[in-house]
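Each residue of the sequence shown is one higher than the one before, counting from 290 in my numbering. Everything on this sheet refers to the single structure shown next.
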Amino acid sequence: MADTGSAATERTGRTDGGKVVKSDAEWRAQLGDLGFKVMRRHGTERAGTHDDFPKEPGTFLCAGCGAPLFDQATKFESGTGWPSFYAPREDAPVGESEDTSWFMRRTEVHCDRCDGHLGHVFPDGPAPTGLRYCINGVALRFEPETGGA
């Protein structure tokens, strides 16, 4: 019976707890090579790689699982070459963990739903939070506001 459950999880890419679980091959097929390197292997895209997101109202979703992460209203120009936000959505599954790679100490941010690496958060952002969520553009998908209420 456990094998049947595993097969069902593999087919749907989800577990009963709401976590998105996929094989490396499935993630690579969905995300592409750069997306896989960034989101599944904790890489960082080159600055300026994804600076073409629309400026219209909408929501930035996780490229791995589609979870809503950031609102356009919290996006700001940080001058770093990566999409930057001063806060995630209140309901966003954004988790944090310590990152000590490259002889630095930083706070990594990831999607709690699919465990995809998103980027890092720094204490040098604008009001009202003073935080800068520096996010790899390849880890995001933009969904425009629909206009219906």
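C-beta atoms are modelled at their ideal positions from N, C-alpha and C, and glycine is treated no differently.
Would you mind stating whether residue i and residue j have Cβ atoms separated by less than 8 Å?
| i | j | result |
| --- | --- | --- |
| T389 | H409 | no |
| H406 | H331 | yes |
| G426 | D401 | no |
| F325 | R335 | no |
| F342 | F431 | yes |
| P382 | Q361 | no |
| G423 | S386 | Per the sequence presented here, residue 423 reads as Cys, with Gly not at that position. Their beta carbons are not under 8 Å apart, which means C423 does not touch S386 by this criterion. |
Does the beta-carbon of residue i have 16 or more other beta-carbons within 10 angstroms, so that it is buried, or is it exposed?
| i | result |
| --- | --- |
| P372 | buried |
| K344 | exposed |
| E328 | Rather than Glu, the amino acid found at residue 328 in this sequence is Met. Per the 10 Å Cβ criterion, buried. |
| P433 | exposed |
| G353 | buried |
| G414 | buried |
| T363 | buried |
| P377 | buried |
Would you mind reading off the limits of the alpha helix (DSSP H) that contains residue i?
| i | result |
| --- | --- |
| F325 | D313 to R330 |
Candidates the options: which alpha carbon is nearest residue i's?
| i | options | result |
| --- | --- | --- |
| T369 | P357, R421 and V309 | R421 |
| F313 | L358, C403 and A416 | This sequence places Asp at residue 313; Phe is not what is there. The shortest C-alpha separation from D313 is found at C403. |
| H399 | G321, Q319 and T333 | T333 |
| D380 | S367, F349 and F365 | F349 |
| Y375 | F342, A416 and Q319 | A416 |
| A428 | E387, D322 and P346 | D322 |
Can you give me the start and stop residues for the beta strand (DSSP E) that residue i sits inside?
| i | result |
| --- | --- |
| P372 | Element bounds for P372: n/a, residue is neither H nor E. |
| E432 | L429 to P433 |
| C423 | R421 to I424 |
| C351 | G347 to C351 |
| G408 | H406 to F411 |
Is residue i near the ligand FAD, going by C-beta to nearest heavy atom under 7 Å?
| i | result |
| --- | --- |
| G324 | Questions concerning the ligand FAD fall outside what the structure shown contains, since it holds no ligand whatsoever. |
Note to self: Please give me, in chain order, every unbroken run of the beta strand (DSSP E) with length at least 3 that falls completely inside the segment 375 to 401.
What the structure shows: Listed in chain order, they are 383 to 388 and 395 to 400.
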